[in-house]
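Visitor: Residue numbers (the numbering used here), protein chains in the order written: chain L, 13 to 377; chain U, 13 to 377.
There are 2 protein chains.
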Amino acid sequence: MSNPVVVRVDLSTRSYDIVIGVDVLDAPSSWQGIGAADSLALIVTNTSVAPHYADRLARTLQPLFAEVGVLALADGEAYKVWRSAELIIEELLRRGADRRATVVALGGGVVGDLAGFAAACYMRGVDCVQVPTTLLAQVDSSVGGKTAINHPLGKNMIGAFHQPRRVIADIAALRTLPRREFVAGLAEVIKYGVIADDSFFSWIETNLAALLAGDAAAIGYAVECSVRIKACVVSADEREAGMRELLNFGHTFGHAIEAGLGFGNWLHGEAVGCGMVLGAKASCRLGLVSEEQALRIERLIASAGLPVVTPTMSADRWLELMRHDKKARGGTIRLVLPDGPGSGKILPVDEGLIRSVIESTASAP
Amino acid sequence: MSNPVVVRVDLSTRSYDIVIGVDVLDAPSSWQGIGAADSLALIVTNTSVAPHYADRLARTLQPLFAEVGVLALADGEAYKVWRSAELIIEELLRRGADRRATVVALGGGVVGDLAGFAAACYMRGVDCVQVPTTLLAQVDSSVGGKTAINHPLGKNMIGAFHQPRRVIADIAALRTLPRREFVAGLAEVIKYGVIADDSFFSWIETNLAALLAGDAAAIGYAVECSVRIKACVVSADEREAGMRELLNFGHTFGHAIEAGLGFGNWLHGEAVGCGMVLGAKASCRLGLVSEEQALRIERLIASAGLPVVTPTMSADRWLELMRHDKKARGGTIRLVLPDGPGSGKILPVDEGLIRSVIESTASAP
């Protein structure tokens with residue numbers, strides 16, 4: 013892979029670049045065209061990421077803005093709530109940020125979603141640059157403009173579509189990522205293979221050891237392939253009126269796990285990994301994929317080190333939570349289901365079938 | 013005027029109609045094309061408006077949705093805060109609202125801004141129909157998709173652009189409006205005349221008595237002319253990147269009055285009325301309009317019963333608040349200024365001049 017690789021998200025006036033590479037985080041070339049000599053940048057990060065990258069990033073931004081601030085929030089999904097978004101807005105107000113200010117989201121999915129939502133709401137929208145430092149954020153949440161906070165009744169229930177001005181995905185930043193979080197990010201990488209590109213799925217099968225060993229070239233290629241698929245889907249369906257829903261493979265089950273166990277108990281990627289196993293099984297029951305294909309999906313998820321056995325939770329509770337999913341219509345649960353190698357579709361699914369799939373995936377008592 | 017009049021806001025896929033007329037609020041024809049047999053409508057209103065119109069409206073909506081709910085919030089600008097938006101979102105979650113739910117904002121500017129913002133954020137955006145019941149909301153805030161909540165450091169600092177699905181402006185609903193609020197709404201009507209249409213300004217001068225007497229035909233015509241101007245400006249500049257800023261004539265001063273005295277002390281329209289007097293004076297000092305034209309503007313505002321003398325507030329405090337204005341750039345205050353009959357432009361303005369205009373408009377000690 014050349015360094016850096018640039019992938020374009022094509023959305024007319026809201027088009028933007030995703031810069032992927034080693035040490036791109038503070039390379040001046042990554043930031044070309046960003047800045048305002050009489051306005052400010054606010055780097056929003058968390059207390060785990062800040063010590064590694066906040067100073068480096070601030071030094072690169074200093075010549076581009078009149079003022080550069082850093083706001084480090086507490087780390088964790090539990091902080092993806094309104095009060096944190098409000099803290100970001102208050103910091104912008106305190107610094108007198110105007111409409112040409114830029115919010116820089118430096119961190120994982122929680123920071124990106126939160127800072128993106130605050131940027132969407134501040135004065136009805138200011139620029140946001142996403143600098144994802146987790147694999148999950150690099151391959152998924154930083155691209156496509158979905159921003160959100162959680163509500164006790166459901167994940168990401170409050171949010172906005174607000175496309176970033178740029179995404180800067182530094183592969184080197186993944187070196188400081190705890191292994192558990194890296195593995196969780198692989199769930200979203202595998203997702204793209206299942207629903208959109210079987211040759212990429214095969215590539216992951218072949219290169220899983222290199223990915224898990226932290227091989228920068230392999231990881232860079234996985235990020236590039238993932239965001240190319242995401243960029244293509246988002247360009248075709250920015251607001252998730254159709255095709256974009258496919259990117260939610262594994263997520264209806266996954267969100268139920270997260271909400272049911274309390275946010276942050278399982279990582280998002282872990283819940284999605286287990287959710288994809290459930291989704292593949294449901295697909296198989298409906299005759300959309302062969303048992304062999306469903307097993308192939310389960311095998312890769314398990315090999316990556318992701319959970320393939322459901323947590324202890326009654327089927328009634330699962331269904332209650334799944335009915336809150338944003339894809340549900342009139343109380344009917346709709347699932348993304350693989351319907352062949354590298355292909356998926358969305359269908360309303362009978363609750364009896366869902367119940368039976370959940371029960372068959374629980375650990376033996 | 014024919015009944016109803018329909019004005020179109022042209023925004024490609026987000027285009028919508030403004031229906032203006034007597035008793036259009038619950039006329040089935042006003043709601044044509046709205047509805048979802050397996051989703052719900054939530055009427056968001058306040059405790060002052062609900063007794064007059066909520067039941068009538070709910071009866072019209074019942075055949076169009078699987079479920080119709082009513083949520084009546086406390087009345088007043090003081091409630092235009094996050095907690096109220098959250099109450100709306102919680103009611104939607106409690107009722108299991110999906111992405112095809114419709115929020116119906118029944119009330120004045122506060123209800124419209126709040127319900128519109130909640131609709132913008134709920135699952136990243138559901139439909140909102142605006143049913144404005146105050147003159148101010150009918151001629152201004154219900155049209156154009158600006159939604160927001162307040163922050164102690166500034167009005168409308170947190171919000172979203174979220175175009176409504178339709179606006180239904182019932183002239184008959186203004187009969188129950190307190191006179192003080194009706195007069196406040198006239199400020200925005202006069203604003204359109206000043207910055208966009210001198211013949212409309214003259215019409216208001218001639219027909220002010222009929223408007224103040226509650227003549228439905230005159231009021232209907234004033235609403236129609238106002239929204240035609242607003243629809244044209246919003247179609248050209250949805251996100252306020254240029255021309256739309258002109259609609260803020262009087263608002264930089266006005267927002268400072270509102271924030272300085274505490275929201276709800278002066279009505280928004282009263283603050284804008286006084287703000288337009290200040291703006292016209294600033295324009296005159298800069299040689300953009302004649303003294304006669306500035307006086308003509310002040311005379312109409314005074315005749316309408318709007319305040320033309322500034323409240324007691326130090327010039328330093330005025331300037332501090334005005335620097336927070338969303339149009340400010342790099343700390344420089346920018347004002348919309350009339351630059352001829354029916355015409356305006358936006359300019360950075362020296363703080364010394366602003367200070368002198370404010371001091372000359374205070375009541376004699």
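From the three backbone atoms N, C-alpha and C, an ideal C-beta is built for every residue, glycine too. Every value quoted in this text rests on a predicted model; they were computed, and no experiment measured them.
Suppose only complete runs of 4+ residues qualify. What are the alpha helix (DSSP H) ranges in the region 191-239 of chain L, listed by chain order?
Guide: Counting only runs of 4 or more, we get 191-208, 210-224.
Visitor: For residue 77 of chain U, go through chain L and note every residue whose CB falls closer than 7 Å to its CB, in chain order.
Guide: Within 7 Å Cβ-Cβ: nothing; residue 77 of chain U doesn't reach chain L, min ~11 Å.
Visitor: Counting along the chain, where does the beta strand (DSSP E) carrying residue 63 of chain L start and finish?
Guide: Counting along the chain, residue 63 of chain L falls outside any beta strand (DSSP E), though it belongs to the alpha helix (DSSP H) covering 62-73.
Visitor: By the 10 Å Cβ neighbour count, where 16 or more other Cβ atoms means buried, how is residue 41 of chain U classified, buried or exposed?
Guide: The residue is exposed, with fewer than 16 neighbouring Cβ atoms inside 10 Å.
Visitor: Is there contact here, the region 234-241 of chain U with the region 167-175 of chain U, by at least three beta-carbon pairs under 8 Å?
Guide: The region 234-241 of chain U vs the region 167-175 of chain U: no contact.
Visitor: I'd like to know if residue 340 of chain U contacts chain L, where contact means its C-beta is closer than 7 Å to some C-beta of that chain.
Guide: Yes - at least one Cβ of chain L is within 7 Å of the one on residue 340 of chain U.
Visitor: Taking a cut of 7 Å between CB atoms, which residues from the region 100-111 of chain L lie near chain U?
Guide: Correct list: 101, 105, 108, 110, 111.
Visitor: Where are the beta strand (DSSP E) runs, 3 residues long or more, that stay fully inside the region 267-312 of chain L, in chain order?
Guide: Segments of the beta strand (DSSP E) lying fully in the region 267-312 of chain L: there are none.
Visitor: Just the Cα atoms here: how many angstroms apart are residue 412 of chain L and residue 225 of chain U?
Guide: Absent from the model: residue 412 of chain L. The displayed extent of chain L is 13 to 377, so no value can be given.
Visitor: State the DSSP-derived secondary structure class of residue 260 of chain U, mapped to helix, strand or coil.
Guide: Three-state result, residue 260 of chain U: helix.
Visitor: Hey, could you find the ends of the alpha helix (DSSP H) residue 325 of chain L is sitting in?
Guide: Taken as a continuous stretch (DSSP letters only), residue 325 of chain L belongs to no alpha helix (DSSP H), as it is neither H nor E.
Visitor: Name the chain U residues whose beta carbon is nearer than 7 Å to that of residue 152 of chain L?
Guide: Those within 7 Å of residue 152 of chain L in chain U number zero; the least Cβ separation is about 16 Å.
Visitor: Report yes or no: is there a C-beta of chain L within less than 7 Å of the C-beta of residue 170 of chain U?
Guide: Yes, residue 170 of chain U counts as interfacial toward chain L.
Visitor: On the criterion of 16 or more Cβ atoms from any shown chain inside 10 Å, does residue 230 of chain U qualify as buried, or is it exposed?
Guide: Buried, because 16 or more other Cβ atoms sit within 10 Å of the Cβ of residue 230 of chain U.
Visitor: Quick check: the Cα distance between residue 57 of chain U and residue 80 of chain U, rounded to an integer number of angstroms?
Guide: Near 13 Å, if we compare the C-alpha coordinates of residue 80 of chain U and residue 57 of chain U.
Visitor: Using C-beta distances below 7 Å, list every residue in its chain close to residue 314 of chain L, excluding the 5 sequence neighbours before and after it, in chain order.
Guide: Closer than 7 Å at the Cβ level, and outside the excluded window around residue 314 of chain L, lie 320.
Visitor: Is residue 1 of chain L near residue 289 of chain L, with beta carbons less than 7 Å apart?
Guide: Past the edges of chain L, shown from 13 to 377, lies residue 1 of chain L, and the structure says nothing about it.
Visitor: Reducing DSSP to helix, strand and coil, say where residue 146 of chain L ends up.
Guide: Of the three classes helix, strand and coil, the one that applies to residue 146 of chain L here is coil, per DSSP.
Visitor: Can you say whether residue 175 of chain U is buried or exposed, counting buried as having 16 or more other CB atoms within 10 angstroms of its CB?
Guide: Buried, by the Cβ-count rule.
Visitor: By the 10 Å Cβ neighbour count, where 16 or more other Cβ atoms means buried, how is residue 191 of chain L classified, buried or exposed?
Guide: That one is exposed.
Visitor: Who are residue 79 of chain U's beta bridge partners in DSSP?
Guide: Note: residue 79 of chain U sits in a beta bridge opposite U/52.
Visitor: Leaving out five residues before and five after residue 377 of chain U in sequence, what residues of the same chain have Cβ atoms less than 8 Å from its Cβ?
Guide: Reliability of the predicted coordinates at residue 377 of chain U is poor, the pLDDT of 47 falling under 50, and no value is obtained from them.
Visitor: Which residues mark the beginning and the end of the beta strand (DSSP E) in which residue 343 of chain U is found?
Guide: Premise fails: residue 343 of chain U is in no beta strand (DSSP E) and is neither H nor E.
Visitor: Would you call residue 63 of chain L buried or exposed, if buried means 16 or more other Cβ atoms sit within 10 Å of its Cβ?
Guide: Per the 10 Å Cβ criterion, exposed.
Visitor: What are the boundary residues of the alpha helix (DSSP H) that includes residue 124 of chain L?
Guide: Element bounds for residue 124 of chain L: 121-133.
Visitor: Within a Cβ cutoff of 8 Å, which residues of the same chain sit near residue 208 of chain L, ignoring the five residues on either side of it in sequence?
Guide: If we look at residue 208 of chain L and ignore the five residues flanking it on each side, its Cβ neighbours are 241, 245, 258, 354, 355, 356.
Visitor: With residue 368 of chain L as the anchor, note down where its alpha helix (DSSP H) starts and where it stops.
Guide: Residues 363-373.
Visitor: Could you check if residue 150 of chain U is buried or exposed, using at least 16 other CB atoms within 10 Å of its CB as the buried criterion?
Guide: Looking at its Cβ environment, which holds 16 or more other Cβ atoms inside 10 Å, residue 150 of chain U is buried.
Visitor: According to DSSP, which residues form a beta bridge with residue 18 of chain U?
Guide: DSSP output for residue 18 of chain U lists U/31 as bridge partner(s).
Visitor: Rank U/292, U/153, U/323 by C-alpha distance to the C-alpha of residue 375 of chain U and give the top, closest one.
Guide: Ranking the options by Cα distance to residue 375 of chain U, first place goes to U/323.
Visitor: Along the region 117-144 of chain L, what residues have a CB closer than 8 Å to any CB found in chain U?
Guide: Result list: 132, 133, 134, 135, 136, 137.
Visitor: Using a beta-carbon distance cut-off of less than 8 Å, what residues from the region 257-277 of chain L approach chain U?
Guide: Listed by position, the residues of the region 257-277 of chain L near chain U (Cβ gap below 8 Å) amount to none.
Visitor: Compare the beta carbon distance of residue 197 of chain U and residue 159 of chain U with 7 Å and say whether it is the shorter of the two.
Guide: Not in contact: residue 197 of chain U and residue 159 of chain U (Cβ atoms no closer than 7 Å).
Visitor: Just verifying my parser: in three-state terms, what is the DSSP assignment at residue 242 of chain U?
Guide: Note: residue 242 of chain U maps to helix in three-state DSSP.
Visitor: Just to make sure I have the definition right: I need the residues of chain U whose C-beta is within less than 9 Å of the C-beta of residue 51 of chain L. Which are they?
Guide: Within chain U, the residues near residue 51 of chain L are 341, 342.
Visitor: Cα separation between residue 152 of chain U and residue 195 of chain U?
Guide: Going by the C-alpha atoms only, they are around 14 Å apart.
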